[in-house]
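Engineer: Handing you this structure, nothing more for now.
Protein chains: 2
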Amino acid sequence: MEIGILGSGMVGQTLAAKLVEVDQEVLVGTRSPDKVNDWAAHNPRVKLGTLSQAAAHGQAVINATSGSGSLEALQLAGAANLNGKILIDLSNPLDFSHGMPPSLTVCNTDSLGEQIQRLLPQVKVVKTLNTVNAVVMVNPQAVAGGDHTLFLSGDDQAAKDQVRRWLREWFGWRDFFDLGDISTARGVEAMMLIWVPMMMKVGSPLFQFKVMR
Amino acid sequence: MEIGILGSGMVGQTLAAKLVEVDQEVLVGTRSPDKVNDWAAHNPRVKLGTLSQAAAHGQAVINATSGSGSLEALQLAGAANLNGKILIDLSNPLDFSHGMPPSLTVCNTDSLGEQIQRLLPQVKVVKTLNTVNAVVMVNPQAVAGGDHTLFLSGDDQAAKDQVRRWLREWFGWRDFFDLGDISTARGVEAMMLIWVPMMMKVGSPLFQFKVMR
Numbered sequence: 001m002e003i004g005i006l007g008s009g010m011v012g013q014t015l016a017a018k019l020v021e022v023d024q025e026v027l028v029g030t031r032s033p034d035k036v037n038d039w040a041a042h043n044p045r046v047k048l049g050t051l052s053q054a055a056a057h058g059q060a061v062i063n064a065t066s067g068s069g070s071l072e073a074l075q076l077a078g079a080a081n082l083n084g085k086i087l088i089d090l091s092n093p094l095d096f097s098h099g100m101p102p103s104l105t106v107c108n109t110d111s112l113g114e115q116i117q118r119l120l121p122q123v124k125v126v127k128t129l130n131t132v133n134a135v136v137m138v139n140p141q142a143v144a145g146g147d148h149t150l151f152l153s154g155d156d157q158a159a160k161d162q163v164r165r166w167l168r169e170w171f172g173w174r175d176f177f178d179l180g181d182i183s184t185a186r187g188v189e190a191m192m193l194i195w196v197p198m199m200m201k202v203g204s205p206l207f208q209f210k211v212m213r
Numbered sequence: 214m215e216i217g218i219l220g221s222g223m224v225g226q227t228l229a230a231k232l233v234e235v236d237q238e239v240l241v242g243t244r245s246p247d248k249v250n251d252w253a254a255h256n257p258r259v260k261l262g263t264l265s266q267a268a269a270h271g272q273a274v275i276n277a278t279s280g281s282g283s284l285e286a287l288q289l290a291g292a293a294n295l296n297g298k299i300l301i302d303l304s305n306p307l308d309f310s311h312g313m314p315p316s317l318t319v320c321n322t323d324s325l326g327e328q329i330q331r332l333l334p335q336v337k338v339v340k341t342l343n344t345v346n347a348v349v350m351v352n353p354q355a356v357a358g359g360d361h362t363l364f365l366s367g368d369d370q371a372a373k374d375q376v377r378r379w380l381r382e383w384f385g386w387r388d389f390f391d392l393g394d395i396s397t398a399r400g401v402e403a404m405m406l407i408w409v410p411m412m413m414k415v416g417s418p419l420f421q422f423k424v425m426r
């Protein structure tokens with residue numbers, strides 16, 4: 001199927017490379033084509049375009065922009081190109097202005113996931129993958145043989161179920177925890193406050209949470 | 214050994230009952246002795262007293278007060294009674310003023326653990342157990358046979374190592390993740406933002422996180 005990826009940083013590149021490997025039709029939307037021409041030359045099956053081209057291209061669209069630029073990038077992508085579609089939102093509202101570890105641009109009673117859903121009320125926003133390094137996003141087996149949990153937040157149940165099927169098919173994810181509506185993005189985004197110190201301790205992003213019962 | 218527990222709510226009661234069962238000398242400090250007389254009558258090995266008596270009694274002291282009252286309770290407990298001791302802080306800065314799920318009284322760049330450490334600079338504050346229901350605190354086996362992870366935050370490494378040994382000995386905890394200094398309490402306290410929605414979904418507090426590598 002056609003997938004639009006918004007953002008051509010490390011996360012967007014990693015997702016795009018894997019998605020074409022599993023025979024999806026990927027168009028990466030970027031504001032900085034000059035910075036990724038080299039990468040694109042080595043990944044000829046990935047198409048490159050503007051943010052609005054990526055949004056128009058995708059039957060589903062992935063927000064892989066950095067959190068600080070997500071709302072602006074989604075405005076450039078254009079509501080008209082996104083309406084009615086599933087937007088897989090894996091951004092984190094990281095605020096590096098206080099140094100490391102980062103804090104968040106949101107606080108307790110809001111989340112970037114909700115801000116995006118409010119900006120694009122006709123879009124089915126599904127927050128997921130934000131608690132995972134890009135390498136693990138596309139290859140959950142890289143940590144503990146894939147034995148860990150991925151969270152989902154979103155207002156549209158059918159969209160969450162669809163995303164779950166896609167993530168299983170594309171990347172091999174198998175353990176999901178559906179937290180509830182998009183307001184539960186507050187919880188997964190706030191996990192960055194423990195995730196970054198953990199990464200600094202482990203010395204690698206190759207760890208993950210598993211929900212035990 | 215002598216253990217002082219600050220707070221006589223459900224958490225303090227559960228800890229006290231278990232600690233006397235494993236032959237510790239427990240004094241529970243409370244501001245509401247009338248509310249717990251019945252419970253105390255059924256737990257004759259637990260001594261009851263004021264917050265300052267509990268702080269003076271303990272070689273180690275556990276802060277089991279609710280987060281909204283912790284700083285005031287610790288002031289009543291008295292720095293002179295606590296200085297030089299390990300304070301196991303399992304409070305959460307929950308703010309129920311916006312309804313359920315609760316938000317936090319802290320925001321990204323501070324934590325209740327740090328507030329307590331600033332209030333009591335001579336005390337070795339170790340934040341732990343706050344991501345766990347009281348039933349699981351004293352019986353980690355209640356979830357997945359004990360196969361899940363407990364986090365530790367604190368500035369004093371020897372104090373964290375001691376708390377780790379106590380929690381193994383008293384309750385049977387065996388999988389620990391030392392996050393770093395007390396500022397990492399921001400991360401474990403923010404986990405309440407995902408923990409409460411998870412509890413509402415699971416329909417029980419009998420779940421827990423395990424760190425997978």
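Chains A and B supply the protein sequences, listed in that same order.
Residue 151 in the working numbering sits at position 151 of the first sequence, and the numbers go up by one each step.
Residue 384 in the working numbering sits at position 171 of the second sequence, and the numbers go up by one each step.
Backbone N, C-alpha and C define an ideal beta-carbon position, used for all residues, glycine too.
What you are looking at is a predicted structure, and each value in this text was computed from that prediction instead of being measured.
#1: If I follow the unbroken alpha helix (DSSP H) through residue 231/B, where does it start and stop?
#2: Specify whether the region 323 to 330 of chain B and the region 351 to 362 of chain B touch according to this definition: at least 3 beta carbon pairs, one from each stretch, less than 8 Å apart.
#3: Starting from residue 241/B and walking both ways along the beta strand (DSSP E), at which residues does that stretch end?
#4: Mind listing the chain B neighbours of residue 144/A? Cutoff is C-beta to C-beta under 8 Å, in chain order.
#5: Within the 7 Å Cβ cut-off, does residue 329/B reach chain A?
#6: Below 7 Å between beta carbons: does that hold for residue 264/B and residue 219/B?
#7: Could you check the C-alpha separation between residue 398/B and residue 170/A for me, to the nearest Å?
#8: With DSSP run on the structure shown, which of helix, strand or coil describes residue 59/A?
#9: Taking its Cβ as the centre, do 16 or more other Cβ atoms sit within 10 Å of residue 296/B, making it buried, or is it exposed?
#10: Using a Cβ cut-off of 7 Å (strictly closer), state whether residue 33/A contacts chain B.
#11: If you count every other CB in all the chains shown that lies within 10 Å of the CB of residue 311/B, and 16 or more means buried, which is it?
#12: Say whether chain B places a C-beta atom closer than 7 Å to the C-beta of residue 190/A.
#13: What did DSSP end up calling residue 373/B once you bin it into helix, strand or coil?
#14: Please classify residue 406/B: does DSSP put it in a helix, a strand, or coil?
#15: For my contact list, residue 28/A and residue 87/A are in at a C-beta cut-off of 8 Å; report their separation, rounded to the angstrom.
#16: Starting from the C-beta of residue 115/A, find all residues in its chain whose C-beta is less than 7 Å away, skip the five residues before and the five after it, and write them out in chain order.
#17: When Cβ atoms are compared, which residues of the region 343 to 354 of chain B fall closer than 7 Å to chain A?
#18: Determine the chain B residues that contact residue 128/A at a beta-carbon separation under 8 Å, and present them in chain order.
#19: In whole angstroms, what is the alpha-carbon distance linking residue 406/B and residue 303/B?
#20: Taking 7 Å as the threshold (beta carbon to beta carbon), is residue 29/A in contact with chain B?
#21: Helix, strand or coil for residue 153/A, going by three-state DSSP, please let me know.
#22: Taking residue 237/B as the reference, give the member of 418/B, 347/B, 272/B and 345/B with the closest Cα.
#23: Taking 8 Å as the cut-off, does the region 357 to 376 of chain B touch the region 238 to 258 of chain B (at least 3 CB pairs, one atom from each stretch)?
#24: Along chain B, which residues have their Cβ under 7 Å away from the Cβ of residue 186/A?
#25: For residue 160/A, collect the residues of the same chain with a Cβ closer than 7 Å to its Cβ; drop the 5 residues on either side in sequence, then sort them by chain order.
#26: Any residues in the region 170 to 181 of chain A with a beta carbon nearer than 8 Å to a beta carbon of chain B? Which ones, in chain order?
#27: Which residues bound the beta strand (DSSP E) around residue 75/A?
#28: Looking at chain B, is there any beta carbon in it that lies within less than 7 Å of the beta carbon of residue 83/A?
#29: Check for me: the beta strand (DSSP E) holding residue 179/A runs from which residue to which?
#30: Could you say which of 226/B, 214/B, 216/B and 217/B lies nearest to residue 347/B if we only look at CA atoms?
Structural biologist: Straight from the coordinates:
#1: Boundaries of the alpha helix (DSSP H) around residue 231/B: 223 to 234.
#2: The region 323 to 330 of chain B vs the region 351 to 362 of chain B: no contact.
#3: That run of the beta strand (DSSP E) goes 238 to 242.
#4: Under the 8 Å cutoff, chain B gives 425 and 426.
#5: Chain A, which has no Cβ nearer than 7 Å to the Cβ of residue 329/B, makes this no.
#6: Yes; because the gap between Cβ atoms is below 7 Å, this pair is in contact.
#7: Roughly 36 Å separates the two Cα atoms.
#8: Per DSSP, reduced to three states, the secondary structure at residue 59/A is coil, with no helix or strand assignment.
#9: With fewer than 16 neighbouring CB atoms inside 10 Å of its own CB, residue 296/B falls in the exposed class.
#10: Residue 33/A has a beta carbon lying at 7 Å or more from every beta carbon in chain B.
#11: Exposed is the call here.
#12: Nearest CB-CB separation between residue 190/A and chain B: below the 7 Å threshold.
#13: In the three-state reduction of the DSSP assignment, residue 373/B falls in the helix class, which pools H, G and I.
#14: Helix, per DSSP.
#15: Contact annotation, residue 28/A with residue 87/A: C-beta distance approximately 15 Å; criterion of less than 8 Å not satisfied.
#16: In the same chain as residue 115/A, and ignoring 5 residues on each side of it, the C-beta atoms closer than 7 Å to its own belong to 71, in chain order.
#17: Those residues of the region 343 to 354 of chain B that come within reach of chain A (Cβ to Cβ, closer than 7 Å) do not exist; the list is empty.
#18: Going along chain B, no residue has its Cβ under 8 Å from residue 128/A, so there is no contact; the nearest lies around 13 Å.
#19: Looking at the two C-alpha atoms, the distance is approximately 16 Å.
#20: So no, residue 29/A is outside the interface.
#21: Strand at residue 153/A.
#22: Sorting 418/B, 347/B, 272/B and 345/B by C-alpha distance to the C-alpha of residue 237/B places 272/B at the top.
#23: The region 238 to 258 of chain B vs the region 357 to 376 of chain B: no contact.
#24: Ordered by position in chain B, the residues that pass the 7 Å Cβ test against residue 186/A are 406.
#25: Non-local C-beta neighbours of residue 160/A in its own chain, meaning closer than 7 Å and more than five positions away in sequence, comprise 126, 152, 154 and 178, ordered along the chain.
#26: Of all residues in the region 170 to 181 of chain A, 177, 178, 179 and 180 have a Cβ within less than 8 Å of some Cβ in chain B.
#27: Per DSSP, residue 75/A belongs to no beta strand (DSSP E); it is in the alpha helix (DSSP H), 70 to 77.
#28: Taking Cβ atoms only, chain B never reaches closer than 7 Å to residue 83/A, which makes this a no.
#29: Segment 176 to 180, the beta strand (DSSP E) holding residue 179/A.
#30: Per the Cα distances, 226/B.
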